[in-house]
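Peer 1: Count along the sequence shown from 1, add 379, and you get the number used in this note's numbering. We put the CB at the ideal spot given by N, CA and C, even for glycine.
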Amino acid sequence: MNDEKIQDLLLQMMQKLAYIEAKLDNLDEMKISNRIDALEAENREHDRVIKSLERRNDKMEQFVRNNMSDSKKQQTSVFISMGLAVFSFVLSLISKIF
380 MNDEKIQDLL LQMMQKLAYI EAKLDNLDEM KISNRIDALE AENREHDRVI
430 KSLERRNDKM EQFVRNNMSD SKKQQTSVFI SMGLAVFSFV LSLISKIF
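Structure representation (structure tokens):
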């Protein structure tokens, strides 16, 4: 074989190698892109779950606050009722004595 033929074959091999490398790079980019898409989808799902949990937490906090407020009101009502009962008892004792 002459040098020209060898150079021509080497050039063809280099072109084919460059083509193969480009295809491999393209495959790597596609894999990375697919992985990024999967991670983004997973991230969106996590965000959705977090927002759902935050809403549930907010509702629970509101429920607890309302119950605490209701409990405080009931406690106040009980003390007022007890105070009125004691006052009525004292008035009835005083009226029976006099």
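Identify whether Phe458 lies in helix, strand or coil by the three-state DSSP scheme.
Peer 2: As a position in the sequence shown, residue 458 is number 79, starting the count at 1. Correct three-state label for Phe458: helix.
Peer 1: If we ignore side chains and look at the alpha-carbon of each, how far apart do Ala420 and Ser431 end up?
Peer 2: Here residue 420 is taken as the residue at index 41 of the sequence shown, counted from 1. Here residue 431 is taken as the residue at index 52 of the sequence shown, counted from 1. Taking the straight line from one Cα to the other gives about 17 angstroms.
Peer 1: Phe477 by DSSP, collapsed to three states: which one?
Peer 2: In the sequence shown, counting from the first residue as 1, residue 477 sits at position 98. In this structure, Phe477 counts as coil in the three-state DSSP scheme.
Peer 1: In this structure, how does DSSP classify Asn381 when only helix, strand and coil are distinguished?
Peer 2: Position 2 of the sequence shown, counted from the start, is the residue given in the question as residue 381. Asn381 falls in the coil class under three-state DSSP.
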